[in-house]
Ligand code: UD1
Ligand code: UDP
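Residue numbers (the numbering used here): 65 to 439.
The following block contains the structure:
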């Protein structure tokens, strides 16, 4: 079976790397990798860590790129590759614009599409934007759906996706997390080396979503600044996403502030270790809502909604919204109320057991055997 995997951003790379590595070693699969490089530096960090070398690199990233640019460049870039390679299946992940455009490119060449991390929904097409629509459209195109959880499966069934095309596998992010989290690690980053993790309460922050750019992000960062000013036993570590629009707001509100450290995006291994040594996490990331429960770290999600209610039910994640006052109050509660903190700080694994990639590969191989039979 010839499988062409396509991804382009940091989170897709983290979540697909363990799968691609396993497929590369499986004699039943001819595995080809194409990166769109919708992200450049943040993608390359992951490729280096997992020692992956792509067969094709579309290298599409432009500063301040628009969604239309990404979509058209991926579509055009993939056309030739698909015509040349003629894979049996193209594998995409999640909800980025690389994901949707690659699925569409596959459909245009009548190539089967497999969707990993299928079935997440908020049911608000503008939040997260454009991810909710990207995953709905990808789900409509896909021939086979790898749903992390039963809830994700139910979401797909509601959209009339046939039951026998949906497989619950767990989320591959747990495979990636377990691969790096269990190895001993000392920080090399100059800022992290000097942080007193024993005596300070470290708050890890990330924030990048398009719908938060502007006013929401200003509110989020102002709340974080309020916390840093009030609690002198905290250190705020914020590896700032490379989007220039995010960097401008972060610098404006959080730059040159005591106890706040704006640093470059971290490699996955130091980042996982930072989360593991943090007191709590404040983020609008999707993937970190899946990782933090496994690490037993409380997460305040600075968004109005989440497509990951399993983490909220597991008790380690809370929606904090985007208002300065609410984020400040919820963070303060976790810093001052031991019971409230302890209720959230426990390990739970609603997203899987670290074996999602093996399941996906077995399902893919069976799927191809059945398809060959029916031809
Ligand atoms: C993208 C995805 C989002 C995903 C996020 C993960 C879309 C539309 N958005 O959002 O779903 O959650 O990645 O981080 O698919 N940049 C660099 N170097 C990098 C990466 C980004 O310079 O390595 C800068 C570039 O100026 C780029 C900008 O950041 O134009 C924005 O990147 P883009 O991929 O368009 O959007 P993200 O907000 O990163
Ligand atoms: N991450 C990382 N380095 C960082 C920040 C995040 O490796 O400096 C990891 C994080 O552990 C998670 C993923 O990147 O696996 C999240 O990526 P991002 O927030 O860009 O995207 P999202 O999760 O929102 O799709």
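Built from N, CA and C at the ideal position, the CB exists for glycine as well.
Remember, it's a predicted structure, so these values are computed and weren't measured experimentally.
For residue i: DSSP bridge partner residues
i, result
"residue 66", "94"
"residue 303", "327"
"residue 121", "99"
"residue 157", "180"
"residue 209", "179 and 230"
"residue 386", "Answer by DSSP bridge pairing: none, since residue 386 is not bridged."
Supposed contact pair residue j and residue i - C-beta distance, whole angstroms, cut 8 Å
i, j, result
"residue 143", "residue 169", "6 Å"
"residue 206", "residue 177", "5 Å"
"residue 157", "residue 79", "6 Å"
"residue 67", "residue 87", "6 Å"
"residue 300", "residue 323", "6 Å"
"residue 259", "residue 392", "Actually they are not in contact, since the Cβ atoms of residue 259 and residue 392 sit about 23 Å apart, beyond 8 Å."
"residue 107", "residue 99", "6 Å"
"residue 378", "residue 334", "The pair is not a contact, with the Cβ atoms about 25 Å apart (cut-off 8 Å)."
"residue 139", "residue 165", "5 Å"
"residue 350", "residue 82", "Not a contact, Cβ separation roughly 18 Å."
"residue 134", "residue 102", "6 Å"
"residue 360", "residue 435", "Going by Cβ atoms, the distance from residue 360 to residue 435 rounds to 42 Å, so no, they are not a contact pair."
"residue 293", "residue 317", "No, residue 293 and residue 317 are not in contact; Cβ-Cβ is about 12 Å, not under 8 Å."
8 Å Cβ cutoff met for residue i and residue j
i, j, result
"residue 346", "residue 364", "yes"
"residue 285", "residue 313", "yes"
"residue 302", "residue 362", "no"
"residue 338", "residue 242", "no"
"residue 209", "residue 240", "no"
"residue 128", "residue 357", "no"
"residue 370", "residue 412", "no"
"residue 386", "residue 366", "yes"
"residue 213", "residue 230", "no"
"residue 266", "residue 355", "no"
"residue 270", "residue 352", "yes"
"residue 72", "residue 234", "no"
"residue 273", "residue 192", "yes"
"residue 211", "residue 201", "no"
"residue 141", "residue 122", "yes"
"residue 295", "residue 399", "yes"
Best match in the options for proximity to residue i [C-alpha to C-alpha]
i, options, result
"residue 130", "160, 256, 119 and 145", "160"
"residue 152", "203, 96, 245 and 200", "96"
"residue 275", "294, 196 and 77", "196"
"residue 253", "332, 89, 360 and 388", "332"
"residue 311", "278, 227 and 342", "278"
"residue 162", "187, 194 and 85", "194"
"residue 305", "105, 90 and 438", "105"
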